[in-house]
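In mature numbering (1 follows the signal peptide of the UniProt record, and there is no 0), the protein residues as written are -16 to -1, 1 to 320. Idealized CB from N, CA, C, for every residue including glycine. None of the values given here were measured: they were computed from a predicted structure.
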Ligand SMILES: *[C@@H]1O[C@H](CO)[C@@H](O)[C@H](O)[C@H]1NC(C)=O
Ligand SMILES: *[C@@H]1O[C@H](CO)[C@@H](O)[C@H](O)[C@H]1NC(C)=O
């Protein structure tokens, strides 16, 4: 099947050679997996805002979920999320699952039903509403590859909506709080890039770009609540659904300029001695193997002896110290 995106990229998917269970059953709908939405955040783009892709004339094999963003196996404290539903651990295998620093891809799950088909052919004006799902995981874990969150059965049950699920950077790669960066909330900017991608492209999947909502769970819910402040005057989506946290949930932000945790990592992975030279420090940190950084952050957090975390930074651009005040100033999106 070929789908022509507005920017002329050719998107292919196939039911002939199912690469995964998503394609195995005819009534599972059509899934388009592993679509890149930004340039790989590698090299100079590590710790940098997402760069949207020019995908004109690109042939995308949208057949399988590609690796999740870097994270690590969350085993403790033992709770329902790592004992039962395995939300914190990818692939449902109680292990980390496939991951890579090159992770900025998304998947689109669409229903195939007779009603949907007839709608699509009889009237191109009738498009399906779109839910963009922002997963939780404490700004540290999560991805498209969390089995119970895959929307296959959901879209086939309603047969009336489309679900888009992106990967986005988290932990030190998403919220580094490093000295010298103009933007610290890279995970948030990833979410924004995804919304912009959906606005431009979702019609090619029978989605309605005028009827998209963000659905967030846990830290994903905090992110989309904050999104209604950070992008209040250009929301793009028409609604948000917040599940299990809000922008008022405490303990998940960091003051701007609090770069100690980043510097602690840098000094431990071979980037010590830069002092005030943040340019040199960042250049060094962009050359370190991403897995070395990821492993070190895991080691320190697992040891549990130091206060140590990477979360959204209160920069007064995307993240605000006083959101009630912003609301009183009218700087919160007016949505249902
Ligand atoms: C997952 O791993 C943890 C830590 O090794 C263990 O306690 C837990 O029982 C495992 N859960 C499942 C469902 O295998
Ligand atoms: C991490 O940052 C927190 C908050 O500033 C601080 O209390 C803690 O000491 C830092 N830990 C390390 C290892 O730098």
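Where the beta strand (DSSP E) containing residue i begins and where it ends
| i | result |
| --- | --- |
| residue 198 | 191 to 201 |
| residue 91 | 89 to 94 |
| residue 221 | Careful: residue 221 lies outside any beta strand (DSSP E) and carries neither H nor E. |
Residue i, DSSP secondary structure in three states
| i | result |
| --- | --- |
| residue 15 | strand |
| residue 117 | strand |
| residue 43 | strand |
| residue 228 | coil |
| residue 154 | coil |
| residue 25 | coil |
| residue 314 | coil |
| residue 267 | helix |
| residue 238 | strand |
| residue 303 | coil |
| residue 20 | strand |
| residue 308 | helix |
| residue 10 | In this prediction, residue 10 scores a pLDDT of 47, lower than 50, which makes its location untrustworthy; the coordinate-derived value is nonetheless stated afterwards. DSSP places residue 10 in helix when its eight states are reduced to three. |
| residue 291 | coil |
| residue 131 | helix |
| residue 284 | helix |
| residue 165 | coil |
| residue 124 | coil |
| residue 272 | coil |
| residue 319 | coil |
| residue 209 | helix |
| residue 259 | coil |
| residue 78 | coil |
Distance cut-off 7 Å: residue i Cβ against heavy atoms of ligand 2
| i | result |
| --- | --- |
| residue 290 | yes |
| residue 73 | no |
| residue 248 | yes |
| residue 245 | yes |
| residue 299 | no |
| residue 144 | no |
| residue 242 | yes |
From the options, residue whose alpha carbon lies closest to that of residue i
| i | options | result |
| --- | --- | --- |
| residue 292 | 204, 246, 166 and 69 | 246 |
| residue 294 | 250, 124 and 203 | 124 |
| residue 16 | 75, 146, 275 and 133 | 146 |
| residue 322 | 85, 95, 231 and 56 | Residue 322 falls outside the range modelled here, since the chain spans only -16 to 320, and no answer is possible. |
| residue 218 | 36, 319, 235 and 257 | 319 |
| residue 129 | 27, 308 and 72 | 72 |
| residue 172 | 226, 279 and 301 | 301 |
| residue 285 | 272, 39, 31 and 61 | 61 |
| residue 134 | 180, 74, 214 and 206 | 74 |
| residue 235 | 203, 257, 253 and 244 | 203 |
| residue 276 | 54, 304 and 42 | 54 |
| residue 409 | 233, 261, 259 and 278 | Outside the shown range of the chain (-16 to 320) lies residue 409, about which nothing can therefore be said. |
| residue 38 | 69, 184, 257 and 45 | 184 |
| residue 58 | 220, 126 and 118 | 126 |
Any chain B beta carbon closer than 8 Å to residue i
| i | result |
| --- | --- |
| residue 72 | Reference to chain B is not applicable here, since this structure consists of a single protein chain. |
Range of the contiguous alpha helix (DSSP H) that encloses residue i
| i | result |
| --- | --- |
| residue 176 | 170 to 185 |
| residue 245 | 244 to 252 |
| residue 68 | Premise fails: residue 68 is in no alpha helix (DSSP H) and is neither H nor E. |
| residue 141 | 136 to 142 |
Bridge-paired residues (DSSP) for residue i
| i | result |
| --- | --- |
| residue 149 | 91 |
| residue 61 | In the DSSP output, where bridge partners are listed per residue, residue 61 has none listed. |
| residue 52 | 83 |
| residue 298 | 239 |
| residue 36 | 22 |
| residue 112 | 191 |
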